[in-house]
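> Let me begin by handing over the structure; questions about it come next.
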Amino acid sequence: MTLKIVGPDFFDLSALLSEEEIAVQNMTHQWVQDRFRPLISKHYRHGSFPFELQAEMGEMGFFGSTLPEKYGTAGINGVAYGLMMQELERGDSGLRSFASVQGSLVMWPIWKYGSKAQREKWLPLLASGEKIGCFGLTEPDYGSNPGGMITRVKQAGEQFILNGTKMWITNSPVADVAVVWAKNDAGEVKGFLVERGTKGFETPEIKGKLSLRASVTGEIILNNCMIPLENQLPAADGLKAALSCLTQARYGINWGVLGAAIACYEEAVTYAKSRIQFDKPIAAFQLTQQKLAEMLNEITKAQFLTLQLGRLKDRETMNHRQVSMAKMNNVRMAIEIARSARTILGASGITDEYVSMRHVANLESVLTYEGTHEMHTLVVGEHITGIAAYR
Ligand SMILES: Cc1cc2nc3c(=O)[nH]c(=O)nc-3n(C[C@H](O)[C@H](O)[C@H](O)COP(=O)(O)OP(=O)(O)OC[C@H]3O[C@@H](n4cnc5c(N)ncnc54)[C@H](O)[C@@H]3O)c2cc1C
Numbered sequence: 044m045t046l047k048i049v050g051p052d053f054f055d056l057s058a059l060l061s062e063e064e065i066a067v068q069n070m071t072h073q074w075v076q077d078r079f080r081p082l083i084s085k086h087y088r089h090g091s092f093p094f095e096l097q098a099e100m101g102e103m104g105f106f107g108s109t110l111p112e113k114y115g116t117a118g119i120n121g122v123a124y125g126l127m128m129q130e131l132e133r134g135d136s137g138l139r140s141f142a143s144v145q146g147s148l149v150m151w152p153i154w155k156y157g158s159k160a161q162r163e164k165w166l167p168l169l170a171s172g173e174k175i176g177c178f179g180l181t182e183p184d185y186g187s188n189p190g191g192m193i194t195r196v197k198q199a200g201e202q203f204i205l206n207g208t209k210m211w212i213t214n215s216p217v218a219d220v221a222v223v224w225a226k227n228d229a230g231e232v233k234g235f236l237v238e239r240g241t242k243g244f245e246t247p248e249i250k251g252k253l254s255l256r257a258s259v260t261g262e263i264i265l266n267n268c269m270i271p272l273e274n275q276l277p278a279a280d281g282l283k284a285a286l287s288c289l290t291q292a293r294y295g296i297n298w299g300v301l302g303a304a305i306a307c308y309e310e311a312v313t314y315a316k317s318r319i320q321f322d323k324p325i326a327a328f329q330l331t332q333q334k335l336a337e338m339l340n341e342i343t344k345a346q347f348l349t350l351q352l353g354r355l356k357d358r359e360t361m362n363h364r365q366v367s368m369a370k371m372n373n374v375r376m377a378i379e380i381a382r383s384a385r386t387i388l389g390a391s392g393i394t395d396e397y398v399s400m401r402h403v404a405n406l407e408s409v410l411t412y413e414g415t416h417e418m419h420t421l422v423v424g425e426h427i428t429g430i431a432a433y434r
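Numbering (our numbering), first residue to last: 44 to 434.
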């Protein structure tokens with residue numbers, strides 16, 4: 044029997060995927076339906092992440108899935124990983140963010156820039172979900188412009204001393220290890236691993252979020268925080284190392300938001316067929332059909348853009364400008380679909396009995412984090428004109 048992806052497949056995307064890629068999508072979809080969907084409303088209201096699923100997520104292979112299997116990962120290709128992220132975000136952007144940070148922003152830099160000892164110590168623990176990591180780049184005064192960071196590192200004998208504050212850090216309050224970026228006396232950006240329990244390392248939670256509520260966000264306060272010299276990521280040289288991690292994470296986001304869009308589209312179709320006004324299902328009205336047709340059209344275009352991005356990644360020819368264009372396109376596509384789906388649901392759409400409004404709220408964060416929509420637009424603008432308009 045030929046396997047098919049679960050969800051809209053108007054142009055037979057399944058025909059361009061391997062059986063393994065489709066199987067990963069199907070398996071992740073089922074897990075999200077069975078294990079995550081029953082929990083999300085409660086956690087979203089409460090503003091918490093379902094940590095009861097953390098170990099199971101590790102067992103399912105959701106963390107660092109494209110890294111070598113010898114570290115306990117799933118060892119799948121970039122496209123299968125992308126479809127996995129799509130299905131996690133079909134559940135909630137907070138769920139995909141958890142996997143993205145763990146895999147792309149913590150495990151990937153340790154694998155790419157870490158020492159053998161760091162890889163052997165941390166990657167299996169992070170792959171299994173036994174330990175949680177976070178990534179501290181953004182600061183209160185340096186968001187889109189991380190190169191201006193104030194956080195400093197100084198060497199004092201056998202130790203590094205870190206001082207500074209990181210802001211808006213996913214999972215910092217619960218992380219066992221933080222990948223932290225700081226400038227040395229020569230003004231060079233370097234990467235470090237700071238472990239929970241280190242003196243001078245605090246991670247207060249940021250409360251009051253109206254978006255990405257099922258995700259824990261916090262600060263990292265480094266106050267004369269002393270770490271051993273071996274906690275430096277030896278091969279992480281300059282801001283480009285930090286930015287290369289973001290390229291990995293944005294790749295996953297580009298697939299993830301497709302999942303959010305699909306969840307909203309499917310909800311809108313189901314609702315439109317059953318909601319009766321003027322003695323007809325609202326799906327019978329031309330304006331509703333136009334909204335649904337545009338949603339399917341945008342999802343279909345984004346599926347092909349993202350699949351090709353994945354093929355380029357697996358061929359190791361993907362570049363950060365392509366990732367920027369896909370983030371620009373896909374996040375805008377997803378947020379517009381989520382908003383449009385919410386209108387089809389009418390008043391019911393503003394409650395958490397339906398998913399669309401939650402996705403609208405979440406996608407506001409996704410539009411901003413990992414490089415704002417404006418910054419990605421300017422990256423593409425720079426590619427076209429040769430002029431960097433952002434500085
Ligand atoms: C829920 C959440 C989780 C996050 N998780 C992490 C994490 O785990 N680790 C981490 O390091 N960071 C994280 N971030 C931070 C995120 O990456 C930043 O918020 C983002 O880079 C934008 O920075 P900023 O919020 O300071 O906005 P600013 O940089 O102050 O931008 C504000 C506005 O000005 C615009 N702007 C800025 N500069 C220019 C320019 N040159 N040209 C045109 N427009 C411009 C922006 O596009 C935006 O619209 C997270 C953020 C959120 C909301």
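Idealized CB from N, CA, C, for every residue including glycine.
(1) For the candidate residues T45, E130, Y124, whose alpha-carbon lies nearest to that of R80?
(2) Figure out for me which residue from H402, R139, I264, G50 has the closest Cα to the Cα of P216.
(3) In this structure, does DSSP put R162 in helix, strand or coil?
(4) Would you mind reading off the limits of the alpha helix (DSSP H) that contains A199?
(5) Cβ of S91 within 7 Å of any heavy atom in ligand 1?
(6) Leaving aside the five residues before and after S254 along the sequence, list all residues of the same chain whose C-beta is less than 7 Å from its C-beta, in chain order.
(7) For ligand 1, any of its heavy atoms closer than 7 Å to the Cβ of I175?
(8) Less than 8 Å between the beta carbons of Y87 and R401, yes or no?
(9) Less than 8 Å separating the beta-carbons of T194 and V144?
(10) By the three-class DSSP mapping on this structure, what secondary structure does L286 have?
(11) Identify the continuous alpha helix (DSSP H) that holds N69 and give its terminal residues.
(12) Using the Cβ count rule (16 or more neighbours within 10 Å means buried), how would you classify D39?
(13) By the three-class DSSP mapping on this structure, what secondary structure does F141 have?
(14) Which value, in whole angstroms, describes the spacing of the CA atoms of P93 and G429?
(15) Keeping to the same chain, check which residues put their C-beta closer than 7 Å to that of K233; ignore five residues upstream and five downstream.
(16) Can you grab the Cα-Cα spacing for the pair G302 / R133, in whole Å?
(17) Could you round the C-beta distance between M150 and L169 to whole angstroms and report it? I think they count as a contact, below 8 Å.
(18) Below 8 Å CB to CB, which residues in the same chain sit around S23 once its five sequence neighbours on both sides are set aside?
(19) Please state if the CB of N297 and the CB of V366 are separated by a distance shorter than 8 Å.
(20) Identify whether L131 lies in helix, strand or coil by the three-state DSSP scheme.
(21) Could you compute how far the alpha carbon of R256 sits from the alpha carbon of E396?
(22) Using only alpha-carbon positions, find the residue among G115, G240, G146 that is nearest to Y294.
(23) Going by the CB atoms, is the gap between V237 and L205 shorter than 8 Å?
(24) Using CA atoms only, rank isn't needed, just tell me which of G137, T109, L289, I427 is closest to E413.
(25) Which complete alpha helix (DSSP H) runs does the stretch 264-351 hold, if anything under 4 residues is left out?
(26) Quick one: complete beta strand (DSSP E) runs, 3+ long, within the stretch 207-253?
(27) Assign K370 to buried or exposed, taking buried as 16 or more other Cβ atoms, counted over all protein chains shown, within 10 Å of its Cβ.
(28) Are the stretch 350-357 and the stretch 109-127 in contact at 8 Å, needing three or more beta carbon pairs?
(29) Would the stretch 152-162 and the stretch 321-339 be scored as touching if the rule is three or more Cβ pairs under 8 Å?
(30) Determine the closest residue to L60 out of D135, E173, Q346, A285, with distance taken between C-alpha atoms.
(31) With which residues is T394 paired in a DSSP beta bridge?
(32) I need the DSSP call for L205, collapsed to helix, strand or coil.
(33) Relative to the alpha-carbon of E425, which residue among G392, R385, V374, H363 has its alpha-carbon at the smallest distance?
(34) CB of V144 to nearest heavy atom of ligand 1: below 7 Å?
(35) So, is N373 buried or exposed, given that buried needs 16 or more other C-beta atoms within 10 angstroms?
(36) Which residues does DSSP pair with G179 in a beta bridge?
From the atom records:
(1) When only C-alpha atoms are compared, the closest one is E130.
(2) Residue I264 is the option with its Cα nearest to P216.
(3) helix
(4) Looking at the DSSP string, A199 is not in any alpha helix (DSSP H); the run it does join, the beta strand (DSSP E), is 195-199.
(5) In this structure, ligand 1 has no non-hydrogen atom nearer than 7 Å to the beta-carbon of S91.
(6) A404, N405, E407, S408
(7) no
(8) yes
(9) no
(10) helix
(11) 62-74
(12) Lying outside 44 to 434, the shown extent of the chain, residue 39 is not represented and no answer is given.
(13) helix
(14) When rounded, the distance between both Cα atoms is 45 Å.
(15) V196, A225, N227, Q275, A279
(16) Roughly 4 Å between the two C-alpha positions.
(17) With 8 Å as the limit, M150 and L169 qualify as a contact, their Cβ atoms being about 5 Å apart.
(18) The requested residue 23 is not part of the displayed model; the chain covers only 44 to 434.
(19) Cβ distance < 8 Å, so V366 and N297 count as in contact.
(20) helix
(21) 16 Å
(22) G146
(23) It is a contact, given that the beta carbons lie within the stated cut-off.
(24) L289
(25) 282-317
(26) 220-226, 232-238
(27) Buried: at least 16 other Cβ atoms inside 10 Å.
(28) Cβ pair count under 8 Å is three or more, so yes.
(29) no
(30) Q346
(31) Paired residue(s): none; T394 is not in a bridge.
(32) strand
(33) H363
(34) yes
(35) buried
(36) Partner(s): V223.
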